[in-house]
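Structure first, commentary second.
Number of protein chains: 2
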Amino acid sequence: MADSDKAQEMLAIMARNGWRITDQRRTLAQIFASTDGYLSPKDVYDQLTAKYPSVSFDTVYRNLRMMSEMGVLEQFYFMEGGLKFKSSCLDHHHHHLICMNCEKTLTFDFCPMKESLHLPGHYKIVNHRFEIYGICEECQHEAAVPGP
Amino acid sequence: MADSDKAQEMLAIMARNGWRITDQRRTLAQIFASTDGYLSPKDVYDQLTAKYPSVSFDTVYRNLRMMSEMGVLEQFYFMEGGLKFKSSCLDHHHHHLICMNCEKTLTFDFCPMKESLHLPGHYKIVNHRFEIYGICEECQHEAAVPGP
DNA sequence: ATTATTGCAAACTATTTGCAAGTGA
DNA sequence: TCACTTGCAAATAGTTTGCAATAAT
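Note that the protein sequences, when read in sequence, are chains A and B.
Mapping to our numbering: the first sequence position 4 is 4, numbers consecutive.
Mapping to our numbering: the second sequence position 139 is 1139, numbers consecutive.
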């Protein structure tokens, strides 16, 4: 899917949920559609101010929250880096393989919930989370030449 | 393992790493040894002040951080509840089944990394995370009688 | 005796809120 | 038009830091 199509789809979902499509939101959708990895609120703010110099942090926060509540964005808390966001794949269930260095994220389809799990207790299962962390190929090479 | 034994083991690990065993740390170990679920820094502070009224928040934070860096505690970021800590099982690898309501946590041994995974890219795998969220039996019953 | 640890206070960061002005449907 | 959204400013929550006093080894 082309970046612009993805942005369109994100906007369509927002509109379908009764949200107004402002220029700021249009730009937000574009930013996330054209970004592979995760963005912090500050990253988003910086990119957004490039187009709308007067944009404020609370607008960024408000929209990030609303967009993730509605499922257009996925949020993720990096232990060191705090809360970050990325556009969510709206098509199919999958999990993530995340580079601990550059945060580049690949997806894979294996889901442990499809295996025959024997779980303790009698919980009513609502949700799950499975992520694998590693160092991507590029970063492995970089590691051979330690930085300053 | 009895709670007091577990506290002893936590303290032993700290001592072995060259840390001084203060009364505050002794109490911290007891608190975590006798708690099943997760505790927020505030929870810990509240329990600690019960014994040491003069304890300060920064002492709590400092020790929580050091204890998790050393592996005595596991830390975990709940999207809604912020950062929380629990004593880590030092014995064997496992994953968690967490109640989304009361945070009561059970462990289970199934690990998706033992399955034959076909992962994309060529990441050097360092770590993984697998958690299942649900509602425990007690909370399912409570839900039938909605609160105020 | 020496050095880690604590408590206090203050600083700092990230995030949220109230409200008037602006803007999309 | 009219309700949703924004920008500003100020408030709040959570966490960290510097330093003198205290306590563990």
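Backbone N, C-alpha and C fix where the C-beta goes; we use that ideal spot for every residue, glycine too.
Proximity below 8 Å, CB of residue i to CB of residue j
i: B/Gly-1121; j: A/Glu-103; result: no
i: A/Leu-64; j: A/Ser-88; result: no
i: A/His-128; j: A/Thr-107; result: no
i: B/Gln-1024; j: B/Tyr-1052; result: yes
i: A/Asp-3; j: A/Ala-33; result: yes
i: A/Gln-140; j: B/Lys-1124; result: yes
i: A/Gln-47; j: A/Ile-21; result: no
i: A/Leu-39; j: A/Arg-26; result: no
i: B/Tyr-1133; j: A/Val-126; result: yes
i: A/Asn-17; j: A/Met-70; result: yes
i: A/His-96; j: A/Thr-105; result: yes
Proximity test, Cβ basis, 8 Å: residue i and chain A
i: B/Cys-1089; result: no
i: B/Tyr-1061; result: no
i: B/Cys-1142; result: Before going on, a small fix: residue 1142 of chain B reads as Glu here, not Cys. False, the Cβ-Cβ gap to chain A never drops below 8 Å.
i: B/Pro-1146; result: Its pLDDT being 47, under 50, B/Pro-1146 is placed unreliably by the model, and the measurement read from it follows with that caveat. Not closer than 8 Å to any Cβ of chain A, the Cβ of B/Pro-1146 fails to qualify, so no.
i: B/Leu-1028; result: no
Reduced DSSP secondary structure (H/G/I, E/B, other) of residue i
i: B/Leu-1073; result: strand
i: B/Glu-1131; result: strand
i: B/Lys-1083; result: Looking at the sequence provided, one finds Leu at residue 1083 of chain B rather than Lys. In the structure shown, B/Leu-1083 sits in a strand (DSSP, three-state: E or B).
i: A/His-141; result: helix
i: A/Ile-31; result: helix
i: B/Thr-1059; result: helix
i: B/Ile-1021; result: coil
i: A/Leu-90; result: coil
i: A/Leu-48; result: helix
i: B/Lys-1124; result: strand
With 16 other Cβ atoms within 10 Å as the buried cut-off, status of residue i
i: A/Cys-111; result: exposed
i: A/Val-44; result: buried
i: A/Lys-114; result: exposed
i: B/Met-1079; result: exposed
i: B/His-1118; result: exposed
C-beta neighbour in chain B for residue i, strict 8 Å
i: A/Pro-112; result: yes
i: A/Leu-48; result: no
i: A/Glu-9; result: no
Check your understanding: Quick one, which residues of the region 1119-1136 of chain B are near chain A if we go by CB-CB under 7 Å, in chain order?
Key -> Leu-1119, Pro-1120, Gly-1121, His-1122, Tyr-1123, Lys-1124, Ile-1125, Val-1126, Asn-1127, His-1128, Arg-1129, Phe-1130, Glu-1131, Ile-1132, Tyr-1133, Gly-1134, Ile-1135 and Cys-1136
Check your understanding: Name the residues in the region 81-110 of chain A whose C-beta lies less than 8 Å from a C-beta of chain B; which are they?
Key -> Leu-97, Cys-99, Met-100, Leu-106, Thr-107, Phe-108 and Phe-110
Review point. Taking a cut of 9 Å between CB atoms, which residues from the region 31-44 of chain A lie near chain B?
Key: none
Review point. What residues in the region 1064-1076 of chain B bring their beta carbon closer than 8 Å to a beta carbon of chain A?
Key: Gln-1075
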